[in-house]
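Notes follow once the structure below has been shown.
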Ligand SMILES: C[S@@+](CC[C@H](N)C(=O)[O-])C[C@H]1O[C@@H](n2cnc3c(N)ncnc32)[C@H](O)[C@@H]1O
């Protein structure tokens, strides 16, 4: 197997992470709480989901009637195109068509490996058992392999109102670009790290995409194929969270998974409850805030550094640099996002100066080991020693606008 294939197989292995029902339910419930008709009369597409194992497809099929869906479409990806099934990969995943498929009249022993599948549920009680549910799902092979980027699946995206899934991690940037290009309503799982992506941050800033209502700062458990290399600590944590290994799956947990969506939910309209600057200085639970003045950035003196989200002062009208976890609490009516603190061009536009020679010389003289040069536009701090602030979001209170 060529090396590039091995790398692809390794990466694809991490794509086989299956979302748990409870996580889907919690997040969808938050949308429904805000708008009980959020899914009514909608076509919902799950483009990386074989209903045989995808809880997304099962969840929406179960709720087809009470959510008032018009149509559910779920597509799966051909094993022959999926490097996770490539011969010789460490997992040696063996693809077996399901009984559902082999017993079905449309079964084709070749296509089952080379083609994707499309599953559709509409408001027709096909089997006549008096309910519309997963048993009324109709399926057929796609013409191609079911790659979400294919023209065929893209046409399904265009037909859909809402796209909901946990897409392959290795293609996440392409996936979000694909969904956004289709101008769709969406809810997808991703990693917190994605907030800084060029494909994502401008949308967050522009209020076109936001964090989901749930799973922020809590673990999400995923099912993985048996034999997937997972850390023992993660396996046992998943077990403690109620997901011990089964014959079919092992379970792992990820601490940085979250939802990205453009569906409204109540959490983002709850204001962050904050103390004034004076009260923070008097009462903050953080030692480095209590009794100390808020630091100004060395090269951007009009802004203050706020090291903790709960230490954002309620009465400061200028620019503030806050930790990236602020996005979990962000209420667009309360704050405006101005820039990502790691984006030198955005900082330039905001008025941040370069670090300059004096700063960098002192930084290294004090033992700094990072790659800071005088031309860099980073957020310089001087207390308790010279350093640069990382992973900051630059924000301003809404009321401060005039
Ligand atoms: C992270 S898993 C999640 C699966 C399912 N959505 C869930 O949440 O349980 C991503 C899935 O996308 C599939 N996949 C990988 N590449 C794909 C592609 N190019 N197009 C469509 N699906 C793909 C993988 O095989 C994998 O099953």
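Numbering (our numbering), first residue to last: 139 to 540. All C-beta atoms, glycine included, are put in the ideal place defined by N, C-alpha and C. This structure is a prediction, so every number in the text was calculated from the model and none was measured.
So, helix, strand or coil for residue 243, using DSSP?
-> coil
State the beta-bridge partners of residue 415 as determined by DSSP.
-> DSSP lists no partner for residue 415.
Proximity below 8 Å, CB of residue 361 to CB of residue 234 = no
beta-carbon residue 220 near ligand 1 non-hydrogen atom, thresh 7 Å | yes
From this set, 407, 363, 334 and 156, which residue's C-alpha is nearest residue 303's C-alpha?
-> 156
Using the C-alpha atoms, what's the distance from residue 406 back to residue 188?
-> 32 Å
Have a look at residue 482 and residue 493 and give me their C-alpha separation to the nearest angstrom.
-> 11 Å
Between 284, 274 and 269, which lies nearest to residue 250 when the distance is taken from Cα to Cα?
-> 284
Enumerated in chain order, which unbroken segments of the alpha helix (DSSP H) with a length of 4 residues or greater are wholly contained in the segment 245-315?
-> 249-252 and 289-297
Report the rounded CA-to-CA distance for residue 323 versus residue 256, giving the unit in angstroms.
-> 20 Å
Flag this pair as touching only if the segment 333-345 and the segment 353-373 have three or more C-beta atom pairs under 8 Å; answer yes or no.
-> no
Please confirm whether any heavy atom of ligand 1 lies closer than 7 Å to the CB of residue 193.
-> yes
Can the beta-carbon of residue 497 be found closer than 8 Å to that of residue 534?
-> no
Using the beta-carbon count (16 or more within 10 Å), is residue 450 buried or exposed?
-> buried
Out of 419, 399, 258 and 500, point me to the one whose CA is closest to residue 326's CA.
-> 399
Note down, in chain order, each residue of its chain lying with its Cβ closer than 8 Å to the Cβ of residue 294, except the 5 sequence neighbours on either side.
-> 183, 185, 211, 213 and 256
Within 8 Å, strictly: CB atoms of residue 467 and residue 410 | yes
Span of the beta strand (DSSP E) holding residue 159?
-> First-last for residue 159: 159-172, but that is the alpha helix (DSSP H), not the beta strand (DSSP E).
Would you kindly work out how many angstroms separate the C-alpha atoms of residue 532 and residue 263, rounded to a whole number?
-> 53 Å
Please classify residue 475: is it buried, with 16 or more other beta-carbons within 10 angstroms of its beta-carbon, or exposed?
-> buried
Is it true that the CB of residue 529 sits closer than 8 Å to the CB of residue 462?
-> yes
So does residue 290 have its beta carbon nearer than 7 Å to some heavy atom of ligand 3?
-> Looking at this structure, you won't find ligand 3 anywhere; what it does contain is ligand 1.
Residue span of the beta strand (DSSP E) that contains residue 362, given as start and end | 358-363
Mind checking who residue 187 pairs with in its DSSP beta bridge?
-> According to DSSP, residue 187 bridges with nothing at all.
Rounded C-alpha distance that separates residue 376 from residue 454 = 42 Å
From this set, 224, 301, 204 and 328, which residue's C-alpha is nearest residue 395's C-alpha?
-> 328
Please state if the CB of residue 478 and the CB of residue 446 are separated by a distance shorter than 8 Å.
-> no
For ligand 1, is there a heavy atom less than 7 Å away from the beta-carbon of residue 284?
-> yes
For the beta strand (DSSP E) containing residue 443, list its first residue and its last residue.
-> 438-443
Under the rule that 16 or more other beta-carbon atoms within 10 Å means buried, what is residue 502, buried or exposed?
-> exposed
Is any heavy atom of ligand 1 found at a distance shorter than 7 Å from the C-beta of residue 153?
-> yes
Mind listing, in chain order, the continuous alpha helix (DSSP H) runs of no fewer than 4 residues lying wholly within the segment 470-512?
-> 482-488 and 494-503
Would you mind stating whether residue 202 and residue 163 have Cβ atoms separated by less than 8 Å?
-> no
Proximity winner among 505, 178, 248 and 216, relative to residue 298 (alpha-carbon distances) | 178
Under 8 Å between C-beta atoms of residue 152 and residue 308 = yes
Between the C-alpha atoms of residue 429 and residue 414, what's the straight-line distance to the nearest angstrom?
-> 14 Å
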